[in-house]
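Inspection log for the structure reproduced underneath, given as structure tokens.
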Amino acid sequence: MSVRKKIKNALVSVYHKDGLNEILTKLHQEGVSFISTGGTQEFIESLGYPCQPVEGLTGYPSILGGRVKTLHPKVFGGILTRRDNELDIKQITEYDIPEIDLVIVDLYPFRETVASEAEEQAIIEKIDIGGISLIRAAAKNFKDVLIVAGKDQYAPLYDLLCEKGAESTLEERKWFAKEAFAVSSGYDSAIFNYFDDNSGSVFRCAMDNPKSLRYGENPHQKGIFYGDFESVFEQLQGKEISYNNLLDIDAAVTLISEFDETTFAVLKHNNACGIASRPTVLQAWIDALAGDPVSAFGGVLITNEVVDKTAAEEINKIFFEVIIAPDYDTDALEILMQKKNRIILIHKTNIQNPVQFRSLLNGVLAQDKDLSIQTEVDLKTVTGKKPSSKEIEDLLFANKLVKNTKSNAIILAKNKQLCAGGVGQTSRIDALKQAIEKATSFGFDLQGAVMASDAFFPFPDCVEIAGNAGITAVIQPGGSIKDELSIEYCNQHNISMVMTGIRHFKH
């Protein structure tokens with residue numbers, strides 16, 4: 104067991120004071136002396152505890168509008184002094200520098216100021232200088248100093264004080280130092296990314312709030328989620344959300360965000376196995392389930408409208424893992440909550456992240472998120488026959504769906520309902536054949552249905568197979584040097600084709 108070090112002097116300078124008074128009370132009861140600045144000094148004194156102002160220690164007032172307060176040898180010397188170094192002890196004695204054993208500090212709210220869309224000067228003023236320097240100094244000297252680098256560490260410090268008094272072990276100080284460097288590195292990353300303005304000159308990403316998962320994609324893999332899940336969702340009930348649940352939830356909210364009218368979708372392994380847009384949630388659910396009632400077992404369900412009792416009664420008839428909606432009627436929740444392991448989520452806000460990245464090889468691959476959504480004005484009819492207004496509705500519906508389906512992907516749709524999808528195939532022909540076979544197996548009549556492809560057709564074979572199955576309209580990005588072959592076949596067989604000019608690969 105390492106030797107415990109006594110806290111004699113504490114430097115306290117914080118922006119957030121909620122929860123601080125209990126800590127100060129414990130420290131005062133243990134005979135700890137306080138050094139502080141400005142508003143924090145006033146707060147300490149308001150509790151009835153004596154406090155030495157930093158200005159009294161340094162002999163200098165706060166200057167430059169508060170930009171310089173703690174940047175002084177009498178502050179940093181007291182923090183960085185190595186207690187087992189004779190020369191250090193000799194020098195602080197010579198210059199009358201008190202040892203500082205505990206530093207409690209937090210940082211100006213830079214991220215919050217950027218998020219508020221404040222003017223640049225206001226943002227710049229929230230770049231903390233003194234605080235970040237105090238954190239680094241105290242964390243570096245963790246052998247002798249305990250650093251608390253923000254309100255998230257108030258609770259662990261309070262617990263330590265309650266259990267062990269104003270003392271700490273080396274292991275405890277090193278843990279707080281680790282947490283402090285997490286704060287400082289994340290803060291610096293946020294500042295850099297503001298100045299970089301998404302230019303991607305280097306990759307810097309810092310995510311807080313780690314949540315250990317039961318396991319990763321498979322039971323033998325470790326899994327951790329970093330991020331603020333609760334800012335996007337409210338979990339009303341259900342078991343712990345798994346790694347695979349998170350992947351499906353992300354795919355679900357990305358897909359449903361494409362639709363304005365009442366829509367219900369069922370997802371499995373990040374792909375929709377059923378989706379429909381209808382006037383009511385109940386009818387949207389019934390027709391989404393019809394797309395693949397087999398794959399829906401154990402799936403993730405999502406809608407963009409409030410779930411009512413009649414819809415809940417039908418939804419409750421199958422086994423599913425997760426349901427997501429903007430809200431639920433009270434009587435609908437009573438039905439859905441009958442099975443306690445079901446994960447029931449309220450979707451509070453859309454995910455605001457314009458950049459996607461993944462680790463691979465010995466680096467990180469980053470790209471802009473595919474936010475391109477085609478509308479009727481983006482469609483270029485390339486055949487003699489133009490699609491009808493109903494076919495245009497279905498083409499746009501299918502195009503949104505194929506955009507969110509693993510490549511190579513083909514989507515067959517009719518009456519704003521997924522008939523079937525060919526998902527993640529190495530050949531576009533195989534994707535189409537898979538979709539036709541699946542649609543047929545579930546009783547869909549493909550006469551008058553439409554086909555969407557995530558990429559161009561290099562040969563006319565796909566439109567030929569689709570036409571023979573009853574497809575009457577096709578949407579695709581175009582761009583093949585042999586586009587004319589597919590166009591010619593469509594012209595010869597009374598099939599309309601539109602091109603968007605936008606490919607939607609998803610790997």
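Start counting the sequence shown at 104; every next residue gets the next number (the numbering used here). For every residue, glycine included, the Cβ atom is placed at its ideal position computed from N, Cα and C.
1. Enumerate in chain order the residues of its own chain whose CB-to-CB distance from S583 is below 8 Å, with the five nearest sequence positions on each side excluded.
2. Using DSSP bridges, identify the partner residues of E145.
3. Does the beta-carbon of N507 have 16 or more other beta-carbons within 10 angstroms, so that it is buried, or is it exposed?
4. Can you give me the start and stop residues for the alpha helix (DSSP H) that C265 sits inside?
5. Taking contact to mean at least 3 C-beta pairs separated by less than 8 Å, is the region 236-248 in contact with the region 262-270?
6. Report the partner residues of H450 according to the DSSP bridge assignment.
7. Exposed or buried, which one is L190 when buried takes at least 16 other CB atoms within 10 Å?
8. What residue does the alpha helix (DSSP H) around L504 start on, and which one ends it?
9. Taking C-beta to C-beta, are A555 and V505 nearer than 7 Å?
10. For R461, which residues does DSSP report across the bridge?
11. Could you tell me the boundaries of the alpha helix (DSSP H) in which A391 lies?
12. Buried or exposed, going by whether 16 or more other CB atoms sit within 10 Å of the CB of M310?
13. What whole-angstrom Cβ distance do N502 and T357 have, given they're in contact under 8 Å?
14. What three-state label does DSSP hand I605 in the structure shown?
15. Might you give, ordered along the chain, the residues of its own chain that have their beta carbon closer than 7 Å to the beta carbon of N444, omitting 5 neighbours on each side?
16. Mind pulling the alpha helix (DSSP H) runs of 4 or more residues that sit fully within the region 119-195?
17. Could you give the DSSP three-state label for F279: helix, strand or coil?
18. When you compare each of A414, V601, A435 to R381 by their alpha carbons, which one comes out closest?
19. I need the boundaries of the beta strand (DSSP E) containing Q579, first residue and last residue.
20. Leaving out five residues on either side along the sequence, give the residues of the same chain with a beta carbon under 7 Å from the beta carbon of F500.
21. Please determine if the region 115-131 and the region 200-220 are in contact, where contact requires at least 3 C-beta pairs separated by less than 8 Å.
22. Within this structure, are the beta carbons of I449 and N407 separated by less than 7 Å?
23. From what residue to what residue does the beta strand (DSSP E) around N374 run?
24. Is the beta carbon of F213 closer than 7 Å to that of K229?
25. By the DSSP assignment, the beta strand (DSSP E) with E437 in it spans what residues?
26. Mark G524 as exposed unless 16 or more other C-beta atoms lie within 10 angstroms of its C-beta, in which case mark it buried.
27. C308 by DSSP, collapsed to three states: which one?
28. Taking Cβ positions, are I378 and L521 nearer each other than 7 Å?
29. Just curious, the alpha helix (DSSP H) that E567 is in, first and last residue?
30. Please return the same chain residues whose Cβ sits closer than 7 Å to the Cβ of E320, not counting the five positions on each side in sequence.
31. Using the rule of at least 16 other Cβ atoms within 10 Å of the residue's Cβ for burial, across every protein chain shown, is Q579 buried or exposed?
32. Note the first and the last residue of the continuous beta strand (DSSP E) segment covering A113.
33. Report yes if the C-beta distance between D434 and K412 is below 7 Å; otherwise report no.
34. Tell me the DSSP bridge mates of L370?
35. From K585 to I226, what distance separates their C-alpha atoms?
36. Hey, quick one: how far does the beta strand (DSSP E) through F423 stretch, first residue to last?
Result, derived from the coordinates:
1. Locating residue 583 in the sequence shown gives position 480, where the first residue counts as 1. Taken in chain order, the residues that qualify are F559, F560, P561, S589.
2. For this step, residue 145 is matched to residue 42 along the sequence shown. DSSP output for E145 lists no bridge partner at all.
3. Start at 1 with the first residue of the sequence shown, and residue 507 comes out as number 404. Buried: at least 16 other Cβ atoms inside 10 Å.
4. Counting from 1 along the sequence shown, the entry for residue 265 is found at position 162. It spans 257-267 - the alpha helix (DSSP H) in which C265 sits, taken as one unbroken run.
5. no
6. For the purposes of this step, residue 450 is taken as the residue at position 347 of the sequence shown. Answer is F336, bridged to H450.
7. Against the sequence shown, residue 190 aligns to sequence position 87. Under this definition L190 is an exposed residue.
8. Within the sequence shown, the letter at position 401 stands for residue 504. First-last of the alpha helix (DSSP H) with L504: 492-506.
9. By 1-based counting over the sequence shown, the position of residue 555 is 452. By 1-based counting over the sequence shown, the position of residue 505 is 402. Yes.
10. The residue given as residue 461 occupies position 358 in the sequence shown. Answer is L468.
11. As a position in the sequence shown, residue 391 is number 288, starting the count at 1. Where A391 is concerned, the enclosing alpha helix (DSSP H) stretches over 384-393.
12. The residue labelled residue 310 in the question sits at position 207 within the sequence shown. M310 should be labelled exposed.
13. Against the sequence shown, residue 502 aligns to sequence position 399. Against the sequence shown, residue 357 aligns to sequence position 254. Not a contact, Cβ separation roughly 15 Å.
14. In the sequence shown, the residue the question calls residue 605 occupies position 502. Residue state, collapsed to three classes: coil.
15. On the sequence shown, residue 444 is found 341 positions in, with the first residue counted as 1. So the qualifying residues of the chain are G341, K342.
16. 123-132, 141-149, 157-161, 176-183
17. Taking the sequence shown and counting its residues from 1, the one referred to as residue 279 is at position 176. Helix.
18. By one-based count along the sequence shown, residue 381 stands at place 278. Looking at the Cα atoms, A414 is the closest of the given residues.
19. Stepping through the sequence shown from its first residue, residue 579 is reached at position 476. First-last of the beta strand (DSSP E) with Q579: 576-579.
20. Sequence index remark: in the sequence shown, residue 500 carries index 397 (1-based). The residues are S380, A516, K519.
21. yes
22. Reading the sequence shown from its first residue, position 346 is the one you call residue 449. Reading the sequence shown from its first residue, position 304 is the one you call residue 407. It is not a contact, given that the beta carbons lie outside the stated cut-off.
23. Looking up residue 374 in the sequence shown gives position 271. Here the beta strand (DSSP E) through N374 covers 374-380.
24. Translated into positions along the sequence shown, residue 229 becomes position 126. Translated into positions along the sequence shown, residue 213 becomes position 110. Cβ atoms of K229 and F213: closer than 7 Å.
25. Within the sequence shown, residue 437 is the residue found at index 334, counting from 1. Taken as a continuous stretch (DSSP letters only), E437 belongs to no beta strand (DSSP E), being part of the alpha helix (DSSP H) at 433-439.
26. As a position in the sequence shown, residue 524 is number 421, starting the count at 1. It is buried - the Cβ of G524 has at least 16 other Cβ atoms within 10 Å.
27. Indexing the sequence shown from 1 puts residue 308 at position 205. Coil.
28. For the purposes of this step, residue 378 is taken as the residue at position 275 of the sequence shown. For the purposes of this step, residue 521 is taken as the residue at position 418 of the sequence shown. Yes, the Cβ-Cβ distance between I378 and L521 is below 7 Å.
29. Here residue 567 is taken as the residue at index 464 of the sequence shown, counted from 1. E567 -> alpha helix (DSSP H) spans 564-572.
30. Looking up residue 320 in the sequence shown gives position 217. If we look at E320 and ignore the five residues flanking it on each side, its Cβ neighbours are Y346, N347.
31. In the sequence shown, counting from the first residue as 1, residue 579 sits at position 476. Flag for Q579 reads buried.
32. As a first step, residue 113 is located in the sequence shown; it is residue number 10 there, counting from the start. A113 -> beta strand (DSSP E) spans 112-116.
33. On the sequence shown, position 331 is the one that residue 434 refers to. On the sequence shown, position 309 is the one that residue 412 refers to. Cβ distance < 7 Å, so D434 and K412 count as in contact.
34. For the purposes of this step, residue 370 is identified with residue 267 of the sequence shown, where counting begins at 1. Answer is A375, V403, bridged to L370.
35. Numbered from 1 along the sequence shown, position 482 holds the residue referred to as residue 585. Numbered from 1 along the sequence shown, position 123 holds the residue referred to as residue 226. Rounded to whole angstroms, K585 to I226 spans 53 Å at the Cα level.
36. Locating residue 423 in the sequence shown gives position 320, where the first residue counts as 1. That run of the beta strand (DSSP E) goes 423-428.
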